[in-house]
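Undergrad: This is the structure I have questions about; it appears just below.
In UniProt numbering, the protein residues as written are 1 to 683.
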């Protein structure tokens, strides 16, 4: 083939966008096109017949000579050679050069052809793609994501170096379905089933599981994988695992903090509730009941026991029954401080005792000097498995101990310990307060009852009856009192009084007023004179803020004729033989000690009638006012059967029972009946 004369070749060289150059076997230029001339920046006529080294740059010369020589010597050369050239305007262009031999029919090498292709645009695309991949990879790595690819059936066929770096798996171990071996055993079955379900349905796979790391720990991952579908078929699955361990740990920490705050708030609320209930408890019995309730509700204790310290006997005395199981080795109702038990250890050490298991209790009791045989017997027969012993301390002085027990092992946290100590402190204050109250209560009650008459006088033509119901079960002893005695002229004096207040002070005031009234009545019996004398006594002996009321009457036996005076007291009730009630109208007066002119008025109890004197505790309480109580009293009388109306004793029982029914008694109730029997022919 004659290259120089070929018209076809000339047309190709003039129209083609490619760069062409032909070299003879010695490596000299034979022919070039304008594209190649432009590529090297030289006219075509300066290249023809010359060697590359004479006209081209050193690097391009070395490339051309190496490839030409290789083809001349029939050695294998690289098919695609890449070069960069800078254009006249300063831009860089990338070219791909291919060298091939040109032979004649006899297979004789006639020339070597260079074909150059401008690959600048594809090179730029490759560079952009590379940069995009690098950015994507950097983004994935920054987000702790592990990217992986599987075959359409879910089998791993490509390596995931990040996965293996974390799990420590080898490549062969990871391929196919080996990744499941790194999933936590508890998460593996559900994870595999969810993955297979996604494969079957060709739906997005979203899951989370724990992955075993190279260090044998576990980290939490969220995974998301999507199927790549072409022409309706899944060609592969692409997924990414995101390490969410920090978020999980943060969530767990928030959960624990929330639980701790909630538990602290609950303990605070329970302590406040217990404190409120203990503040309302007046007696030791009520305090013990509150402690039992708190042990059951706030601590979930199966048993609660309270014991008070008897200093003289150096022993604890149980207050409530059932707080300690009745089994061999258990302490009795009186526990010497020398006996080793949860409560004695708490009192002796002045510190809480926590035994979270039978082994812990055994160890502590033995260390405290307990008998191992008795301890073993108790643990063998008792259903209790955890114990709490708390000393009751008031100003450093031991009052007793609390014992809470559980039928299951119990973990006592530091926060629980603080709560229990605070609870014990509140219980100690309540026990001390209740003990003082009961001591004062017993003193006041003894004083009050000693000042009330042992019996009422028996007088012909008159029947006297009384009822006294103390409100001391729920409140302190009050100052209610009653009295009846025969005057020197044969008439009978009857009085019901009320010294406002509670406790020893009220009872003592009642005693002074009662004794003064008796002395005045025996010397000058008219009611107005007695009340005036009591005013003077009151001003001399009682405090200004003390309030005392009374109703005082003098009655003639047989006829019922008499006089009445009131000192701020509720009006007497007169009941007819037919059961008709009448509240006596008269000047109510003022309480004793108030400057006033005392007046008395005629008051007659006709034969067959009954007069009833009473304290305000009968008609008034926290839920019922005085006016409503007086109306209720009259209504109750109308409901009394005839046989009740005829008997003053039965009438008083009927009135007290009916008036207190449905109400919590919060005060003493004192009632005195003066009944004049109906006259008969024999009279």
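Just so it is clear, CB atoms sit at the ideal spot from N, CA and C, and this is done for glycine as well.
Would the segment 364-376 count as touching the segment 330-344 if we require 3 or more Cβ pairs under 8 Å?
TA: Yes, the segment 364-376 touches the segment 330-344.
Undergrad: Tell me where the alpha helix (DSSP H) around residue 224 begins and ends.
TA: Counting along the chain, residue 224 falls outside any alpha helix (DSSP H), though it belongs to the beta strand (DSSP E) covering 218-230.
Undergrad: Note down the Cα distance separating residue 484 from residue 437, rounded to an integer number of angstroms.
TA: Looking at the two C-alpha atoms, the distance is approximately 31 Å.
Undergrad: Per the contact definition of three or more C-beta pairs closer than 8 Å, is the segment 558-569 in contact with the segment 604-616?
TA: These segments touch.
Undergrad: Just to confirm my understanding: we take residue 681, look at its own chain, exclude 5 residues before and 5 after, and list those with CB closer than 7 Å. What are they?
TA: Its pLDDT being 47, under 50, residue 681 is placed unreliably by the model, and the measurement read from it follows with that caveat. No residues qualify anywhere along the chain.
Undergrad: Measuring CB atoms only, is the segment 385-404 touching the segment 348-367, in the sense that at least three cross pairs come out at less than 8 Å?
TA: With a cut-off of 8 Å, the segment 348-367 and the segment 385-404 count as touching, because enough Cβ pairs lie within range.
Undergrad: Taking C-alpha atoms, which residue in 418, 526, 626 and 380 lies nearest to residue 390?
TA: The shortest C-alpha separation from residue 390 is found at 418.
Undergrad: Mind checking residue 128: buried by the 16 CB within 10 Å criterion, or exposed?
TA: Per the 10 Å Cβ criterion, exposed.
Undergrad: Quick check: what's the CA-CA separation for residue 665 versus residue 468?
TA: Those two C-alpha atoms are separated by around 13 Å.
Undergrad: Taking residue 46 as the reference, which of 59, 57, 285 and 32 has the closest Cα?
TA: Cα-wise, what sits closest to residue 46 is 32.
Undergrad: Using DSSP's beta-bridge definition, name the partner residues of residue 674.
TA: Paired residue(s): 464 and 611.
Undergrad: At 3 residues or longer, what runs of the beta strand (DSSP E) sit wholly inside the UniProt domain "PAS" (132-202)?
TA: Runs of the beta strand (DSSP E) inside the UniProt domain "PAS" (132-202): 145-150.
Undergrad: Could you give the uninterrupted runs of the alpha helix (DSSP H) lying entirely in the segment 245-293, keeping only those of 4 residues or more?
TA: Whole alpha helix (DSSP H) segments, 4+ residues: 245-280.
Undergrad: How big is the Cα-Cα spacing for residue 545 and residue 537?
TA: Going from the Cα of residue 545 to the Cα of residue 537 covers about 15 Å.
Undergrad: In the DSSP assignment, what residue or residues form a beta bridge with residue 213?
TA: Paired residues: none, contrary to the question.
Undergrad: So for residue 432, helix, strand or coil by DSSP?
TA: Reduced to three states, the DSSP call for residue 432 is helix.
Undergrad: With 16 other CB atoms within 10 Å as the buried threshold, where does residue 515 fall?
TA: Exposed.
Undergrad: Given this structure, state the Cα-to-Cα distance separating residue 198 from residue 213, to the nearest angstrom.
TA: Each residue's alpha carbon lies about 26 Å from the other.
Undergrad: Measuring alpha carbon to alpha carbon, tell me which of 593, 317, 356 and 75 ends up nearest residue 414.
TA: The candidate whose alpha carbon is nearest that of residue 414 is 356.
Undergrad: According to DSSP, simplified to helix, strand and coil, what is residue 92?
TA: Of the three classes helix, strand and coil, the one that applies to residue 92 here is strand, per DSSP.
Undergrad: Check the C-beta distance from residue 101 over to residue 63 and give it rounded, since I have them as a contact under 8 Å.
TA: Their Cβ separation, rounded to whole angstroms, is 17 Å, which puts residue 101 and residue 63 out of contact at 8 Å.
Undergrad: What is the DSSP secondary structure of residue 101, reduced to helix, strand or coil?
TA: Note: residue 101 maps to strand in three-state DSSP.
Undergrad: How about residue 573 and residue 521: are their beta carbons less than 8 Å apart?
TA: No, they are not a contact pair.
Undergrad: Counting pairs of Cβ atoms below 8 Å between the segment 323-331 and the segment 424-432, do you hit three or more?
TA: Judged by Cβ distances under 8 Å, the segment 323-331 makes no contact with the segment 424-432, as fewer than three pairs qualify.
Undergrad: Compute the Euclidean distance between the alpha carbons of residue 474 and residue 268, then round it to the nearest angstrom.
TA: Note that residue 474 has pLDDT 45, beneath the 50 cutoff, so the model's placement of it is unreliable and the number below is only indicative. Cα to Cα, the separation comes out at about 28 Å.
Undergrad: Can the beta-carbon of residue 462 be found less than 8 Å from the beta-carbon of residue 676?
TA: The answer is yes: Cβ separation under 8 Å.
Undergrad: What is the C-beta distance between residue 528 and residue 599, in whole angstroms, given that I count them as a contact (C-beta under 8 Å)?
TA: About 6 Å; that satisfies the 8 Å criterion.
Undergrad: Am I right that residue 422 and residue 402 are in contact with their C-beta atoms under 8 Å? What's the rounded C-beta distance?
TA: About 13 Å separates the two Cβ atoms, so there is no contact after all.
Undergrad: Taking the alpha-carbon positions, what's the residue 411 to residue 221 distance?
TA: Taking the straight line joining both Cα atoms gives about 33 Å.
Undergrad: Report the CB separation of residue 35 from residue 17 in whole angstroms; it is logged as a contact under 8 Å.
TA: With a Cβ gap of about 7 Å, residue 35 and residue 17 count as contacting.
Undergrad: DSSP on residue 337, reduced to helix/strand/coil?
TA: If DSSP states are grouped into helix, strand and coil, residue 337 belongs with coil.
Undergrad: Take the Cβ of residue 381 as the centre, count every other Cβ of all protein chains shown within 10 Å, and call the residue buried at 16 or more, exposed below.
TA: Exposed, because fewer than 16 other Cβ atoms sit within 10 Å of the Cβ of residue 381.
Undergrad: With a threshold of 8 Å on Cβ separation, who are the neighbours of residue 456 within its own chain once the five nearest residues in sequence on each side are excluded?
TA: Excluding sequence neighbours, residue 456 sits near 464, 465, 466 and 484.
Undergrad: Look at the alpha carbon of residue 350 and the alpha carbon of residue 392, and state the distance between them as a whole number of angstroms.
TA: Rounded to the nearest angstrom, the two C-alpha atoms are 8 Å apart.
Undergrad: Quick check: what's the CA-CA separation for residue 188 versus residue 209?
TA: Going from the Cα of residue 188 to the Cα of residue 209 covers about 8 Å.
Undergrad: The alpha helix (DSSP H) that contains residue 345, what's its start and end?
TA: From DSSP, the alpha helix (DSSP H) with residue 345 extends over 342-349.
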